[in-house]
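Working notes, structure below.
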Amino acid sequence: MKIISIFNNKGGVGKTTYMYHIAHLLERQGKTVLVVDLDSQCNLSAYSLSDTELERSWRPERGNSIWNAIERVYEGLGDIRQRRPSLLNNSYPNLYIVPGDVLLSNYEDSLGDSWSSAKGGSAPALRIQSAIYRYIKWAAEQVEADVVMLDLGPNLGALNRSVLAASDYFIAPMSPDLFSIRGTKNLGAKLKVWRREWDQCNSSAAGSIDLPQGKPTFLGYVMQQHNIRQNTNGMTRGWAIFGDQIQSAVQQNIIDVLGPLGQVHDWGDGNWNIGQIPNLHSLIPYSLDAKKPVFDCTSRDGLNGAHITRARDSAEYFEPIVQKLLSVL
């Protein structure tokens, strides 16, 4: 079982839409997939579940949101609750979700307050830092997941430090814009610091607490939200101005920083652009309303004319990325 985080510290890059579609295609390829909504905005959960199902997941007594799983750790009243994930879509019988919860943002304070003690080997602090990791592992075992995909919020705070530490790999969706390029500098530098600090936690720990290694491997980036053109770049001239700069920024700020730590996957071709997902424009609202991937939307979901063909053919944008992921799973 492998854990993959979908993360960029810059918001608005389409990470949730990307992850939602990739998860469905991996399930279609015969993998059992667990997705976990760790963004307190809960966009993945809203995309996947009805309002009734979401409200049910938030109930303290039997709810299975990520907050309900770790609430007792936050309150200092016990350890993680073992709440089984939900089936995401009846048409995909091996695709599961741990729903998100806006209350998850509360956990940020606990993680921040206990970090220094955790680096010193404090067992209670390490239990707090590892709670999400330990619950994800338990949930994955319950559904016999081949892959777990984590949807993270766009920040470099304590919560994402904990979640990225729990990951075997991470992928950075990016828009071809100035802010995505700038964000790569923060990302590589912060992950280097976190690796050193997690090494300290693991070396200081005593006892039987299951801790994450804190060294996620960078698989690559995905270009998203560009407008399509029939040219070499496959995008408009304006988008290509920034799109051409992303590879060098990723090389300098992520690969050159994490490579010496053994945290970069080598694809063998010196290229970490693992795919391009164009702006699907008006198809996304239909997908959101139907709670199904764009490529599964039909006339029954309100599509007509050329939209039906565009929706069906949209899978071709995601398939090359899926094949790369299958090669590392």
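Residue numbers for the sequence shown follow our numbering, so the first one is 51 and each next one is one higher.
For glycine and all other residues, C-beta sits at the position ideal for the given N, C-alpha and C.
Residue i, DSSP secondary structure in three states
i	result
THR348	coil
THR82	coil
LYS341	coil
GLY170	coil
ASP227	coil
LEU88	strand
LEU237	helix
MET69	helix
ARG279	In this prediction, ARG279 scores a pLDDT of 41, lower than 50, which makes its location untrustworthy; no coordinate-derived value is stated.
GLN326	strand
GLN263	coil
ALA256	coil
GLN297	helix
ALA365	helix
ASP269	Per the sequence shown, the amino acid found at residue 269 is Leu instead of Asp. If DSSP states are grouped into helix, strand and coil, LEU269 belongs with the strands.
GLN274	strand
ASP249	helix
LEU202	strand
THR286	Unreliable positioning characterises THR286 in this predicted model, as indicated by a pLDDT of 49, which lies under 50. The coordinate reading is nonetheless provided below. DSSP places THR286 in coil when its eight states are reduced to three.
ALA208	helix
SER377	helix
ALA175	helix
SER55	strand
ALA222	strand
Sequence-distant residues of the same chain with beta carbon closer than 6 Å to residue i, five excluded per side
i	result
THR282	Annotation note: pLDDT 48 at THR282 (below 50); position unreliable, no value reported.
ASN252	LEU261
ASN93	THR66
ALA365	PHE345
GLY128	ARG122
ILE54	MET199, TYR219
ILE221	ILE56, LEU269
TYR367	ILE327
Nearest neighbour of residue i, chosen from the options [CA to CA]
i	options	result
LEU330	ARG362, ALA189, PRO310	ARG362
SER107	ARG350, MET273, SER364, LEU153	LEU153
GLN373	ALA181, ARG78, ARG109	ARG78
ASN114	LEU206, TYR185, PHE57	TYR185
LEU333	LYS342, GLU194, PRO223	LYS342
GLY171	ILE259, ILE231, TRP244, PHE368	ILE259
ARG232	THR359, PRO310, VAL307, VAL300	VAL300
TYR124	PHE368, MET224, SER155	SER155
ILE130	ARG109, HIS71, ILE116	ILE116
GLY162	GLN179, SER337, LEU94	GLN179
LYS240	ALA256, SER230, ASN205	ASN205
LEU202	GLU103, ASN58, ALA96, ARG360	ASN58
PHE229	GLN295, ASN118, GLY355	GLN295
LEU138	TYR70, PRO335, GLY320, ILE221	TYR70
LEU99	SER217, ALA340, SER167, PHE368	ALA340
GLU247	SER217, ALA168, GLN313	ALA168
ASN321	TRP165, GLN302, ILE182, GLU191	GLN302
ASP151	ASP196, VAL198, ASP101, PRO174	ASP101
ILE120	ALA189, ASN140, GLU105	ALA189
ARG109	ARG133, ASP89, LEU127, GLY128	ARG133
LYS187	SER164, SER217, ALA175, TRP165	SER217
ARG350	ARG360, TYR336, ALA356	TYR336
MET199	GLY309, LEU353, ARG112, PRO149	PRO149
LEU176	GLY355, PRO310, ALA256, GLU103	ALA256
Cutoff 7 Å; reference residue i; Cβ partners in own chain excluding five residues on either side
i	result
ILE304	THR234, LEU237, GLY238, PHE268
ASN323	GLY270, TYR271, MET273, GLN297
GLU158	GLY207, ALA208, LEU209
VAL193	THR82, LEU84, PRO135, TYR146
GLN280	Annotation note: pLDDT 47 at GLN280 (below 50); position unreliable, no value reported.
ILE371	ILE72, VAL272, ILE324, GLY325
SER338	Ser is not the amino acid found at residue 338; the sequence shown has Leu there. Closer than 7 Å at the Cβ level, and outside the excluded window around LEU338, lie TYR97.
GLN250	LYS169
LEU76	VAL83, VAL197, VAL372, LEU375
ILE182	ILE120, SER212, VAL213, ALA216
THR348	ILE358
SER160	TYR124, ILE178
Other residues of its chain near residue i: CB distance less than 8 Å, five sequence neighbours each side excluded
i	result
VAL378	LYS52, TYR219, LEU269, HIS315
TRP244	ARG211, LEU214, ALA215, GLY264
GLY64	PRO223, SER225, GLN274, GLN275, ILE327
Any non-hydrogen atom of the ligand SAH closer than 7 Å to residue i Cβ
i	result
ALA340	Annotation note on the ligand SAH: not contained in the displayed structure, which lists no ligands.
Beta carbon proximity, residue i to chain D, threshold 8 Å
i	result
ARG362	Checking the listed chains, one finds no chain D in this structure; it contains a single protein chain.
Decide yes or no for the touch test of the region 77-96 against the region 140-153: beta carbon pairs closer than 8 Å, at least 3 of them.
-> yes
Hey, which unbroken runs of the alpha helix (DSSP H) at 4 residues or more fall wholly within the region 96-167?
-> 101-107, 116-125
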